[in-house]
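Peer 1:
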Amino acid sequence: MYGRRASQLLKELGSCEAGQLTPFDSDSFDQVTKECNKHNLQLQSLIRKIEDQNLDIQTTRNEDHFGAVIHHLSLTRNKRCLMAYMYNRAEVIQSFRWKVGPVLPQEIQEKLNYSEEEYFKSHSAAIESYMSELDLDLTVDMVPPKDPYIRVRVLDDIGEVCLGDHSISLTKHSLHFLRRTDAEQFISQGLMEEFLE
Amino acid sequence: MASSSSWEEGDAAAAAAAATDVELLKRAWRNEKAAPEILRFEAALVARAREQIQLLEETVEEFMENGVDDLVVSLYQMDLDRTLFLLRSYLRIRLQKIEKYMIHISKSNLWNRLSEQEQRFAKRCTEIMEKHLEQSVLSKLPYGYQSMLKQSISSEEDDMVPEPQLDTFVFCKTKGAVGAFQLDDIGDEIVDLVADDLYVLRYKSIKGLVESGQIDLV
Amino acid sequence: MAGQSDPHISIFSAPEVEFLAEDEVVEIVPNIRMESLNMICGDFGPFFPQIPSKVPLWLAAALKKRGKCTIRTPEWMTVERLTQVLEAERESPREFQPLPFHYVEISRLLFDHARDDIPDIYMVRSLIEDIRDVRFHKVETGLETISGRTHAVKLKNLSAMEVNIVRPFMVRALQAFYKHDSPQMIQQADTMGSKRSQGADRGPRRDLRPR
Chain A
8 MYGRRASQLL
18 KELGSCEAGQ
28 LTPFDSDSFD
38 QVTKECNKHN
48 LQLQSLIRKI
58 EDQNLDIQTT
68 RNEDHFGAVI
78 HHLSLTRNKR
88 CLMAYMYNRA
98 EVIQSFRWKV
108 GPVLPQEIQE
118 KLNYSEEEYF
128 KSHSAAIESY
138 MSELDLDLTV
148 DMVPPKDPYI
158 RVRVLDDIGE
168 VCLGDHSISL
178 TKHSLHFLRR
188 TDAEQFISQG
198 LMEEFLE
Chain B
1410 MASSSSWEEG
1420 DAAAAAAAAT
1430 DVELLKRAWR
1440 NEKAAPEILR
1450 FEAALVARAR
1460 EQIQLLEETV
1470 EEFMENGVDD
1480 LVVSLYQMDL
1490 DRTLFLLRSY
1500 LRIRLQKIEK
1510 YMIHISKSNL
1520 WNRLSEQEQR
1530 FAKRCTEIME
1540 KHLEQSVLSK
1550 LPYGYQSMLK
1560 QSISSEEDDM
1570 VPEPQLDTFV
1580 FCKTKGAVGA
1590 FQLDDIGDEI
1600 VDLVADDLYV
1610 LRYKSIKGLV
1620 ESGQIDLV
Chain C
3 MAGQSDPHIS
13 IFSAPEVEFL
23 AEDEVVEIVP
33 NIRMESLNMI
43 CGDFGPFFPQ
53 IPSKVPLWLA
63 AALKKRGKCT
73 IRTPEWMTVE
83 RLTQVLEAER
93 ESPREFQPLP
103 FHYVEISRLL
113 FDHARDDIPD
123 IYMVRSLIED
133 IRDVRFHKVE
143 TGLETISGRT
153 HAVKLKNLSA
163 MEVNIVRPFM
173 VRALQAFYKH
183 DSPQMIQQAD
193 TMGSKRSQGA
203 DRGPRRDLRP
213 R
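Residue numbers (the working numbering), protein chains in the order written: chain A, 8 to 204; chain B, 1410 to 1627; chain C, 3 to 213.
1) Out of V27(C), V28(C), L59(C), L65(C), point me to the one whose CA is closest to M36(C)'s CA.
2) Since V31(C) and C71(C) should fall inside the 8 angstroms C-beta cutoff, what is the C-beta to C-beta distance between them, to a whole number of angstroms?
3) Below 9 angstroms between beta carbons: does that hold for K1442(B) and I1507(B)?
4) Could you give the residue range of the beta strand (DSSP E) that holds T66(A)?
5) Would R1436(B) pass as a contact of D1625(B) if the rule is Cβ separation under 9 angstroms?
6) When we look at the beta-carbon of V107(A) and count the other beta-carbons within 10 Å, is it buried (16 or more) or exposed?
7) Within the same chain, show all residues whose beta-carbon is closer than 6 angstroms to that of G74(A), passing over the 5 residues directly before and after it, in chain order.
8) Considering only residues of the same chain and omitting the five flanking positions on each side of V39(A), which have a CB-CB separation below 8 angstroms?
9) Whose C-beta lies closer than 8 angstroms to the C-beta of V136(C) among residues of the same chain, with five residues either side of it excluded?
10) Please compile the residues from chain A whose C-beta is within a distance smaller than 7 angstroms of the C-beta of E1508(B).
11) Using only the alpha-carbon positions, how far apart do P1571(B) and H1513(B) sit?
12) Checking contacts by CB at 9 angstroms: is P17(C) closer than that to chain A?
13) Would you list, in chain order, the members of the stretch 88-121 of chain C that have their beta-carbon closer than 9 angstroms to a beta-carbon of chain A?
14) Within a Cβ cutoff of 7 angstroms, which residues of the same chain sit near T67(A), ignoring the five residues on either side of it in sequence?
15) Taking the straight line between their C-alpha atoms, what separation do you get for D1478(B) and P102(C)?
16) Smallest Cα separation from D1471(B): which of Q1486(B), E1539(B), F1578(B), N1521(B)?
17) Any beta carbon of chain A sitting closer than 9 angstroms to that of A191(C)?
18) Which same chain residues end up closer than 6 angstroms to K56(C) when comparing Cβ atoms and leaving out the 5 residues on each side of it in sequence?
19) Closest by CA to A23(C), which one among T152(C), L59(C), I53(C)?
20) Where does Q15(A) fall in DSSP's three states?
21) Is the stretch 1482-1499 of chain B touching the stretch 38-53 of chain C, taking contact as three or more C-beta pairs under 8 angstroms?
22) Beta-carbon of F138(C) versus every beta-carbon of chain A: anything under 9 angstroms?
23) Taking all protein chains shown into account, decide if L1628(B) is buried (16 or more other Cβ within 10 angstroms of its Cβ) or exposed.
24) Is F1578(B) helix, strand or coil by DSSP?
25) Given 8 angstroms as the limit, is there contact between the stretch 28-44 of chain A and the stretch 111-120 of chain A, that is, 3 or more CB pairs closer than that?
26) Using the rule of at least 16 other Cβ atoms within 10 Å of the residue's Cβ for burial, across every protein chain shown, is A191(C) buried or exposed?
27) With 16 other CB atoms within 10 Å as the buried threshold, where does K1613(B) fall?
28) Excluding sequence positions up to five away, which residues of its chain have a Cβ less than 8 angstroms from the Cβ of G171(A)?
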C-alpha cells in the first residue's frame, strides 16, 4: 500500500520516549525516498500519456488524471513523513545541547546519521556564538537555585574530612551546616540526609 | 526604590513603574514560558537586569575581600543566583522557541520581536536546518518536490512551515478589570474579565491583552 | 509537521512553581541586628532583635536555617481560619475559597523550614491536606463538565499548584472539544447555548482539507 512505510517511520518516532532517539532508520528512509521517485516516474508517464492524446492537462478528468493525482498525493504524503521524521529528530538533537552538552556520548552518536551529526555540531556552534555575543552562559542554572548552604544530619561515621579550607569531623548523628555542593556527594552515597526541623 | 510624588496617581502605569525589575523579569519569564508564540524581547528590562547583576557581583566580591559577615554575603549571593536564574531561563526559553519555529519567525513579523543577537541566531539556525534537510531529504526527492517550505511546486503558499498553535488554551490572570471582552471575531462570545480572576482562554483571543501587558499568563 | 506544539514548553516544573512562591512576603522576628539588605529583588530591613520585619520567603527560610529568626505563621495558616476554609470548601461544590495563589508551596516551605514556629502544626498540616483534597476533587468534577465548544473557563481562586496539575489535561481537553465541535467538522444545526458557537464560518483557522 502506498505510504505505509513512511507512516512506519513516524510510528518509530512516536513509540520513542519524549526527548529520546531511536537509531536512524536508513533502511526505511531510503525505501521511502525510492518510493517517492517511483511515484514521480509514474506521475510523469501519466502526464505524458494525457499530453500524447492531445488532451488539455488542466481540464482533463479521465482515469489517467486521477491516477496522476494519486501518485502526486502519495508523493507529497511521503515527503511530509520524511520531513517530519528528520525535523522531529532534529528537534531532539537540538535539545541534547541543553541537556547533554557540546559533546555527545557514543551511544547517542551511534543513533545519528552523518547529516545529523553535522547538524548537531553546527547548531551547538550557533548557540555557542549567541552566548559569547551575550557574554552569558545559558547552559547552567537549568533549574531554580536553592540556598547554597544546607543543614545535614550524618547517618554514618564518616570521620574527619577536609571541606574547602577547614576540616570537620562527621560523626554519626551529628548535625552540620555545609555547602550544598560539599554535602551532595555524601547525600548521594547515603551517608547524610538533609535535616529539616 | 525612588519615591516621586508623580507616581502616587495609582494608575496601571504607576503600578508598573513601581514594580521592581525582578518582578518585571518574572512576569516576562512567565508570559514567555506560557505563550505559544515568541513575545517581544524585553530589551530595556534585560539591559537593566544585567547591569544590576553586574553591580551586585562586584559588591559581593568587595564584601568578601573586606571580610563582611558570611551571612550577609550568602544572602546577597542568593539574591544574585535568583536573578541570574530568571534572566538565563528567560533567554533560554526564547532561544528554544526560535529553535522550534525559526522558519516561521524569520518569515513573519515576529522577526521584529527578536533581539539583534537572537536574529543572528535565528538566521544561522535556519541556514543550518536548511542545509540538513536539503542534504538528507530534499535533494533525494524528484524535481518539483524539493522545497523546504512547500510540499510541491503546485502549493500556492508555504504549507510545510511549523507554526506555533495560537488556538491553544492558556491560563491567565488580569491585573486590573478589563471589562467585557470579546473572545472571537464575531462577538457573540463575551467574557467579563474581572481583576485577579483566573481564566482559561484561547491564546489567540487574548493575544492583544498579553502584548499590551493587561493580562498575565500563569 | 505544521501545528505541532510541544506540551512541555509551556509548563512550569514543580521547582519553578516553588521558586515563584519563595518570593511571597512573610513576616519574621529576627534575633540579631543586621543592616538593610539592598537587593536586586528589593530592599529589606534594617533588622533589629524582636522587631518584626517583612521579607520574601526565601530570605526568611535562609535566616531561619541559620538560626537568625523565627517566622510568623501567616494569618491564613491558623487552625481557626483553615477550619473555616475547609468547611466553606465542602459547602460550596462549585467554588474555591480565596487562599494565597501559592498556598500549597508556602505551607510546604514553612513545614520544611519553620516547623517549630507553627502553632498546632499537625492540625494545620492535616487541614491543608484536606483542603487540597476537597479542592482537587472539585477540579476533577469540574473537568467532567467541559463539553462542546468552550471558549472560556473561569477558575476563580484556583491556586498555582492546582493550575499546574490541571493544565495538561485541561488544555488538551478544551482543544479537542474546540476542534471536534468546529462547524467544519460537524455540519449540524447549532445547539443554542452561551458557551457554544453559532456561526457557520467560525472555528479554528486550520484548514482540514488536504492541500
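Backbone N, C-alpha and C fix where the C-beta goes; we use that ideal spot for every residue, glycine too.
Peer 2: In short, the structure shows the following:
1) Taking only the C-alpha atoms, the option nearest M36(C) is L65(C).
2) Separation of the CB atoms of V31(C) and C71(C) is rounded to 6 angstroms, and the pair is thereby assigned contact status at 8 angstroms.
3) no
4) Unbroken run through T66(A): none, as it is neither H nor E.
5) yes
6) exposed
7) L53
8) R12, A13, L16, N85, C88, L89
9) L88, E91, R92
10) Within 7 angstroms Cβ-Cβ: Q101.
11) 7 angstroms
12) yes
13) Result list: F113, D114, H115, A116, R117, D118.
14) I57
15) A straight-line Cα-Cα distance of about 35 angstroms links D1478(B) and P102(C).
16) Residue identity check: residue 1471(B) is Glu in the sequence provided, not Asp. The shortest C-alpha to C-alpha distance from E1471(B) to any of Q1486(B), E1539(B), F1578(B), N1521(B) is the one to Q1486(B).
17) With a pLDDT of 39 at A191(C), under the threshold of 50, the modelled position of that residue is not reliable, and the figure given next carries that caveat. A191(C) does not count as touching chain A.
18) V27, E29
19) L59(C)
20) helix
21) yes
22) no
23) No answer is possible for residue 1628(B): the residues shown for chain B start at 1410 and end at 1627.
24) F1578(B) falls in the strand class under three-state DSSP.
25) yes
26) Bear in mind that a pLDDT of 39 at A191(C), under 50, signals an unreliable position, so the model cannot answer this.
27) buried
28) These residues qualify, in order along the chain: R186, D189.
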